[in-house]
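Trainee: Residue numbering for the sequence shown follows our numbering, starting at 38 and increasing by one per position. All C-beta atoms in this analysis are idealised placements derived from N, C-alpha and C, irrespective of residue type, glycine included.
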Amino acid sequence: MKEKIIKEIKSILLTSLYFFCWFGGLMVIKVLLLREYHIEFTGLTLVIIGALVVAKVVLILEYVPMPFMHGKPAWIEVLMRTMIYMCGVFVVMALEKSFEARHEYDGVMDALMHLTEHADIYHFWVNLISVFAALLFFNIWTVVQKHYGEGMFMKMMLAPVPREMPAKD
Numbered sequence: 038m039k040e041k042i043i044k045e046i047k048s049i050l051l052t053s054l055y056f057f058c059w060f061g062g063l064m065v066i067k068v069l070l071l072r073e074y075h076i077e078f079t080g081l082t083l084v085i086i087g088a089l090v091v092a093k094v095v096l097i098l099e100y101v102p103m104p105f106m107h108g109k110p111a112w113i114e115v116l117m118r119t120m121i122y123m124c125g126v127f128v129v130m131a132l133e134k135s136f137e138a139r140h141e142y143d144g145v146m147d148a149l150m151h152l153t154e155h156a157d158i159y160h161f162w163v164n165l166i167s168v169f170a171a172l173l174f175f176n177i178w179t180v181v182q183k184h185y186g187e188g189m190f191m192k193m194m195l196a197p198v199p200r201e202m203p204a205k206d
């Protein structure tokens, strides 16, 4: 039981670190772009909370079986999982933006209806595209682990690249 808890904590921490790096990179880009206009931006708390929440949700969803994917190539599962996760991300982000703009309209539902008219829409799309990329690479990494075993990806990345391609059988 103790080993299982330690493994789960390690998994959450590593996955959170992965998403923290992605979201932190996005935050750095935002800071640099906004600095050009002399706008101060700090979002470290949002990056940390976002990374923790996304990591936990993704790890929970990893246990959700996808029976319609049985026997399909790995790239299809990666794409399907990424799209399913993105639907959730889209809904959460749209609701978040609508909640922020609820005072400009007559409530959250009206703000949701006018989401595309909001001045922040480009910020919304940049965040959505960045999260898509983070989830896509996370799902690719997960499939590599499923095929070659846990730790194989890191072992492969830390090993020197062979000078020649291995011969095909």
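#1: Provide the residue span of the alpha helix (DSSP H) that contains Leu195, from first to last.
#2: Would you say the segment 154-165 touches the segment 116-135, given that touching needs at least three Cβ pairs under 8 angstroms?
#3: Residues in its own chain within less than 6 angstroms of Leu149 by CB, not counting five upstream and five downstream?
#4: In angstroms with no decimal places, state the Cα-to-Cα distance between Glu141 and Val129.
#5: On the CB-based measure, 16 or more other CB atoms within 10 Å of its CB, does Leu172 come out buried or exposed?
#6: Among residues of its own chain, excluding the 5 on either side of Asn176, which ones have a beta-carbon nearer than 6 angstroms to its beta-carbon?
#7: Pull up the distance between the alpha-carbon of Lys47 and that of Met123, whole angstroms please.
#8: Do the CB positions of Gly61 and Val84 come within less than 8 angstroms of each other?
#9: Can you give me the C-alpha to C-alpha distance between Phe169 and Phe127, rounded to a whole angstrom?
#10: State the Cα-Cα distance for the pair Ala196 and Tyr74, rounded to the nearest angstrom.
Mentor: Answer, in terms of the structure:
#1: Met189 to Leu195
#2: yes
#3: Ser135
#4: 19 angstroms
#5: buried
#6: If we look at Asn176 and ignore the five residues flanking it on each side, its Cβ neighbours are Val115, Arg118 and Thr119.
#7: 25 angstroms
#8: yes
#9: 10 angstroms
#10: 44 angstroms
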